[in-house]
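S.K.:
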Amino acid sequence: MTTAPDPAPSEPSSSAAVPPRATRRRRRSRVPTAALLVAPSVVFLAALFLWPIAVGVGQAFTGADGPTLAHLRRMVDDPYFWTATRNTALLIVVLIPLQFAFALTMALLLRERPRLSSFYFYVWCVPLAISDLAAGLVWLSIFADRGYLNSALSRFGLGDGFAWLSYDNQTSMFVAVLLAELWRATSLVLVIVVAGLQNIPRDYDEAAAVFGATYWQRLRHVILPQLRPSLQVALILRTILGLQTFAVAQALTGRSFPLLVGETYQWYVTLQNEHVSAAIALVILLMSLGTAVVYLRVLRDPATGGIR
Numbered sequence: 096m097t098t099a100p101d102p103a104p105s106e107p108s109s110s111a112a113v114p115p116r117a118t119r120r121r122r123r124s125r126v127p128t129a130a131l132l133v134a135p136s137v138v139f140l141a142a143l144f145l146w147p148i149a150v151g152v153g154q155a156f157t158g159a160d161g162p163t164l165a166h167l168r169r170m171v172d173d174p175y176f177w178t179a180t181r182n183t184a185l186l187i188v189v190l191i192p193l194q195f196a197f198a199l200t201m202a203l204l205l206r207e208r209p210r211l212s213s214f215y216f217y218v219w220c221v222p223l224a225i226s227d228l229a230a231g232l233v234w235l236s237i238f239a240d241r242g243y244l245n246s247a248l249s250r251f252g253l254g255d256g257f258a259w260l261s262y263d264n265q266t267s268m269f270v271a272v273l274l275a276e277l278w279r280a281t282s283l284v285l286v287i288v289v290a291g292l293q294n295i296p297r298d299y300d301e302a303a304a305v306f307g308a309t310y311w312q313r314l315r316h317v318i319l320p321q322l323r324p325s326l327q328v329a330l331i332l333r334t335i336l337g338l339q340t341f342a343v344a345q346a347l348t349g350r351s352f353p354l355l356v357g358e359t360y361q362w363y364v365t366l367q368n369e370h371v372s373a374a375i376a377l378v379i380l381l382m383s384l385g386t387a388v389v390y391l392r393v394l395r396d397p398a399t400g401g402i403r
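Heads up, the sequence shown is in the working numbering, so the first residue is 96 and it goes up one at a time.
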């Protein structure tokens, strides 16, 4: 008499093999380590940037009765807004190329390591230690009716003085604000460009010189392409900060030469209207984002098709 063979023992199921505590631990370990490391920065950025932006958007597009465009219409109907927009755009268009021309020239001079080059670098960086308002007051003492400039002109017999900061002289007010910003903020571009030049090996430059390349050819084809990332960062940063120019113009001209950030201050503090002030701040934000996107596209590396 034959007996049937015992059935083969079935393999334990996964739920029986792994205890519930181990399953929960495995699910918990699925969170990437990189996400855990980035999470504090995300929370920090959300608290300090995203939340204020959301509040600003809410103030610009809401009123007592709910969503509204009345604040935007009031902003657009204000004649100071268009004048401030024009002045801000004109300041950026003229200021940024001048700053980069001066900063790049000074950085290339320092790269040649002349005598007292460290002293020159520290002297050129002195304006970095001066606040915007203090810089405006310094230049106010120069361009005021009884300032240093008119005193020098009178001493040399070139007139009794000129009202540089008068409301009727928009061109001279623009030049005064331009010179003050040029003196105050060029050193920031200089520091970034000098740091970028230090990361460029001199071997490429020397090899190009050996093969007969002139200085301008080496500058165009060797130095500037390798300096592209530093120039890109400096250009974006300086343009955004240029759009936020306020204290220098406020100290020199008040509201006679309006700028966008100055109008934000006027609506919030003087006119006590936070909604229109938030709308103008959103315009500044959009201009900053727009210029940053344009710079990133224009200055992308053609060799890689992306941004260096």
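Positions of the beta carbon are idealized from the N, C-alpha and C atoms, including for glycine.
1. Determine the burial state of T309: buried for a count of at least 16 other Cβ atoms within 10 Å of its Cβ, exposed for fewer.
2. Count the other CB atoms, across all protein chains shown, that sit within 10 Å of the CB of H316; report buried if there are 16 or more and exposed otherwise.
3. Would you check if the region 367-377 and the region 144-152 touch, i.e. whether three or more CB-CB distances between them fall below 8 angstroms?
4. Spell out the partners DSSP gives P162 in its beta bridges.
5. May I have the straight-line CA-CA distance separating S351 from Y262, to the nearest angstrom?
6. On the DSSP letters alone, give me the boundaries of the alpha helix (DSSP H) that V126 sits inside.
7. I need the straight-line Cα distance from A405 to P135, nearest angstrom please.
8. Given 8 angstroms as the limit, is there contact between the region 174-193 and the region 344-361, that is, 3 or more CB pairs closer than that?
9. For G357, collect the residues of the same chain with a Cβ closer than 8 angstroms to its Cβ; drop the 5 residues on either side in sequence, then sort them by chain order.
10. Could you have a look at I295 and say whether DSSP puts it in helix, strand or coil?
11. Evaluate the contact criterion for the region 269-282 versus the region 233-250: three or more CB pairs, one atom per stretch, below 8 angstroms.
12. Tell me the rounded alpha-carbon separation between E369 and L380.
13. Taking L228 as the reference, which of A280, R210 and V270 has the closest Cα?
14. Does the distance from the CB of S383 to the CB of I335 come in under 8 angstroms?
M.R.: The short version:
1. Here residue 309 refers to the residue found at position 214 of the sequence shown. T309 is exposed by the Cβ-count criterion.
2. The residue labelled residue 316 in the question sits at position 221 within the sequence shown. Under this definition H316 is an exposed residue.
3. yes
4. By one-based count along the sequence shown, residue 162 stands at place 67. DSSP output for P162 lists T157 as bridge partner(s).
5. In the sequence shown, counting from the first residue as 1, residue 351 sits at position 256. In the sequence shown, counting from the first residue as 1, residue 262 sits at position 167. Distance between the alpha carbons of S351 and Y262: 6 angstroms.
6. Sequence index remark: in the sequence shown, residue 126 carries index 31 (1-based). Taken as a continuous stretch (DSSP letters only), V126 belongs to no alpha helix (DSSP H), as it is neither H nor E.
7. Within the shown structure, residues of the chain are numbered from 96 to 403, placing residue 405 beyond reach of any answer.
8. yes
9. Position 262 of the sequence shown holds residue 357. A179, F341, A344, Q345 and R350.
10. Within the sequence shown, numbered from 1, the residue matching residue 295 stands at position 200. If DSSP states are grouped into helix, strand and coil, I295 belongs with coil.
11. yes
12. As a working mapping, residue 369 is identified with position 274 in the sequence shown. As a working mapping, residue 380 is identified with position 285 in the sequence shown. Approximately 16 angstroms between the Cα atoms of the pair.
13. Residue numbering aside, residue 228 sits at position 133 when the sequence shown is read from its first letter. Of A280, R210 and V270, the residue nearest in Cα terms is A280.
14. By 1-based counting over the sequence shown, the position of residue 383 is 288. By 1-based counting over the sequence shown, the position of residue 335 is 240. Result yes, Cβ atoms of S383 and I335 sit closer than 8 angstroms.
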